[in-house]
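Working notes for the structure below.
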Amino acid sequence: MKASGHTFNDEVDAQPTGWPHVEFRIDALSRDRKDIVQLGIDIGDIVAIDPQAEFLGNGFIVSRHLDDKAGVAIMLAALEAMQREAIERCCHINPLSVSGA
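When we follow my numbering, the leftmost residue of the sequence shown carries the number -13, and every step to the right adds one.
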């Protein structure tokens, strides 16, 4: 199943739809149904989207839009290092300002 529109672009829209084609990902190490059941995860469990980052006991970090958050953190760290080390920019850098609650 091609789930990432970022990677597969229009191919995602050309895939078959319907319940036989539904997939989901579990943020836990598992190889088969037995592993999943041992983790206490079963059919009918509620799936909730929580935008707050959580650090799981298995070493995984889960959060909505984690790739975007990581990208912003990397950009800010790079800009801070460039300023601290007085590195001359080779191009125009215009970080977007974002305000939130």
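Note that beta-carbon positions come from the ideal geometry of N, C-alpha and C, so glycine has one too.
1) For I29 and R50, what's the separation of their Cα atoms in angstroms?
2) Quick check on the burial criterion: 16 or more other C-beta atoms within 10 angstroms. Buried or exposed for V84?
3) Residue range of the alpha helix (DSSP H) that D13 falls in?
4) If P27 and I12 are in contact, beta carbons under 8 angstroms, what's the gap, nearest whole angstrom?
5) Rounding to the nearest angstrom, what Cα-Cα distance links Q69 and G4 in this structure?
6) In three-state DSSP terms, what is E40?
7) Do A39 and K55 have their CB atoms nearer than 9 angstroms?
Looking at the coordinates:
1) I29 and R50: Cα-Cα distance of roughly 22 angstroms.
2) In this prediction, V84 has a pLDDT of 48, which is less than 50 and means its spatial position is unreliable; what the coordinates show is noted afterwards. Sixteen is the threshold: since fewer than 16 other Cβ atoms of the shown chains lie within 10 Å of the Cβ of V84, the residue is exposed.
3) Careful: D13 lies outside any alpha helix (DSSP H) and carries neither H nor E.
4) In the sequence on display, residue 27 carries Ile and not Pro. Contact between I27 and I12 holds: their C-beta atoms lie close to 6 angstroms from each other, under 8 angstroms.
5) If you take the alpha carbons of Q69 and G4, they lie about 52 angstroms apart.
6) The DSSP-derived three-state label of E40 is strand.
7) For A39 and K55, yes; Cβs fall inside 9 angstroms.
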